[in-house]
Amino acid sequence: MITVGIAGTGFYLPERVLRNADLEKMVDTSDEWIVSRTGIRERRIASDREATSDLAISAAREALRDGSIDPEEIDLIIVCTSTPDMLFPATACIVQEAIGAKKAGAFDLEACCTGFVYGLSVGSQFIKAGTYKTVLVIGADIFSRIIDWTDRNTCILFADGAGAAVLKPAKDEKVILATQLGSDGSLANLIAQPAGGSRQPATYKTIDKRLHYLKMDGRRVFRVAVEIADRATRDVLEECSLSTEDIDCLILHQANARILEAIARRLELPGSKVFINLDRYGNASAASIAIALAEVAREGQLKKGSIVVIIGFGSGMTWASCVIKW
Ligand code: UT7
1 MITVGIAGTG
11 FYLPERVLRN
21 ADLEKMVDTS
31 DEWIVSRTGI
41 RERRIASDRE
51 ATSDLAISAA
61 REALRDGSID
71 PEEIDLIIVC
81 TSTPDMLFPA
91 TACIVQEAIG
101 AKKAGAFDLE
111 ACCTGFVYGL
121 SVGSQFIKAG
131 TYKTVLVIGA
141 DIFSRIIDWT
151 DRNTCILFAD
161 GAGAAVLKPA
171 KDEKVILATQ
181 LGSDGSLANL
191 IAQPAGGSRQ
201 PATYKTIDKR
211 LHYLKMDGRR
221 VFRVAVEIAD
231 RATRDVLEEC
241 SLSTEDIDCL
251 ILHQANARIL
261 EAIARRLELP
271 GSKVFINLDR
281 YGNASAASIA
291 IALAEVAREG
301 QLKKGSIVVI
311 IGFGSGMTWA
321 SCVIKW
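Residue 69 in the UniProt record's numbering sits at position 69 of the sequence shown, and the numbers go up by one each step.
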């Protein structure tokens, strides 16, 4: 089987910064509560002119530039999102046209906050099998459009952004050693956007009941996320015959600093090995890990051969893991 490598990464963040002080004027909250309970200080919010594809296109262009890759080389585009421009056509098709990827297939993948790690796994399979040589995976979301800005439990957490990675047969760096996927649909009600699909199509009633906004049982998600990430990390490392001591950098879904700390404690990892950017960007759903991966690559602090473990978790519940040898 062909080994898969990450040939380029990029990200895009909308310009508008929403600080905790701004949220204090919108709901009954405080900077002190948000920082101490979540670690978030500010987040980016898309402008009215921007849709998810706009963010995805900018991130994709940067990843292509980073890897010196011609858009016509791309065989497949996977856009991981749960806030597509429209229900159909796929946002991936809008990206395909905009970046000039004339020879690419394109589809969207929906695994909410876990989406990008699912995308890395799905994209890798085409390269491993020898079907394709270049796969563009994008995580992009505009959660500000589905957030209830009157609900202090959720509106302080989520954010907008996009990140992208180009997968190619590996040279001798940034090699994907393993990916694993998981789900537990019995927990489907923990994070959901109840209306707007076939179960509850848009009606005046669903709008009046605010059912088009994200609903979340934060406390239960917190507990489940810590359990899942602990187990997922150990399972994927075992597949690579590695242990938690081999981890040089752990990239977790940027949901809450307390979740990240709890996971690091369980894995007995020093905080310095756990990547964090949620203080600046909040929880950007499928973009969260994609942006983090691109930032880790930009920082250039990892040595060749370093072990990077990526763990996503989110609505579904879904989870996914990936080990990269830098
Ligand atoms: O990407 C998807 C994955 N999602 C997540 O990972 C979310 C996971 N969950 C969390 O991050 C946390 O559970 C939250 C940040 C959502 C909430 O933090 P918490 O420490 O679990 O707080 P809580 O829900 O237990 O609420 C504690 C108190 C409540 O007041 P009472 O009932 O004790 O009087 C809440 O009403 O804090 C109150 N509260 C707030 N107070 C000020 C909830 N939100 C706020 C707020 N400002 N924004």
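Note that beta-carbon positions come from the ideal geometry of N, C-alpha and C, so glycine has one too.
For clarity, every value in this text was computed on a predicted model and none was experimentally measured.
Residue i versus residue j: straight-line alpha-carbon distance, rounded
i	j	result
Arg219	Lys102	45 angstroms
Glu73	Val175	20 angstroms
Ala297	Ile307	13 angstroms
Lys128	Ile99	25 angstroms
Ile6	Thr154	33 angstroms
Ala202	Tyr213	12 angstroms
Leu13	Val309	24 angstroms
Ala290	Leu302	17 angstroms
Lys25	Pro169	50 angstroms
Glu245	Ala90	41 angstroms
Glu295	Val117	16 angstroms
Pro194	Asp28	25 angstroms
Val35	Arg152	14 angstroms
Lys215	Asp172	44 angstroms
Trp33	Phe222	17 angstroms
Arg41	Ile2	42 angstroms
Phe126	Gly105	12 angstroms
Phe275	Thr134	27 angstroms
Thr206	Gln200	7 angstroms
Glu268	Val79	34 angstroms
Ala192	Glu239	32 angstroms
Tyr204	Leu64	44 angstroms
Gly115	Val122	10 angstroms
Leu293	Leu211	33 angstroms
Glu15	Thr150	23 angstroms
Rounded distance between the beta-carbons of residue j and residue i, thought under 8 angstroms
i	j	result
Ile263	Val226	6 angstroms
Ile146	Leu23	With a Cβ gap of about 17 angstroms, Ile146 and Leu23 do not count as contacting.
Ile45	Asp148	Ile45 to Asp148, Cβ: 15 angstroms. No contact.
Ile311	Ala232	5 angstroms
Asn283	Phe158	5 angstroms
Ile77	Ala92	5 angstroms
Thr318	Ala162	Not confirmed; about 19 angstroms, so no contact.
Burial state of residue i (16 or more Cβ within 10 Å)
i	result
Gln96	buried
Gln254	buried
Asn20	buried
Asp184	exposed
Phe143	buried
Glu62	buried
Gly67	buried
Thr179	buried
Pro270	exposed
Leu237	buried
Tyr281	buried
Ile228	buried
Ser243	exposed
Phe88	exposed
Ser288	buried
Thr83	buried
Cβ-Cβ distance between residue i and residue j below 9 angstroms
i	j	result
Leu181	Ala320	yes
Asp230	Arg266	yes
Ala59	Phe11	yes
Asp248	Lys273	yes
residue 327	Val17	No answer is possible for residue 327: it lies beyond the span of the chain, which begins at 1 and ends at 326.
Asp31	Ser53	no
Leu109	Thr81	yes
Ser241	Cys113	no
Leu55	Ala165	no
Ala257	Gly39	yes
Ser198	Val4	no
Asp217	Leu260	no
Lys325	Gly305	yes
Thr131	Asp75	yes
Ile94	Ile57	yes
Leu177	Val323	yes
Val224	Phe107	no
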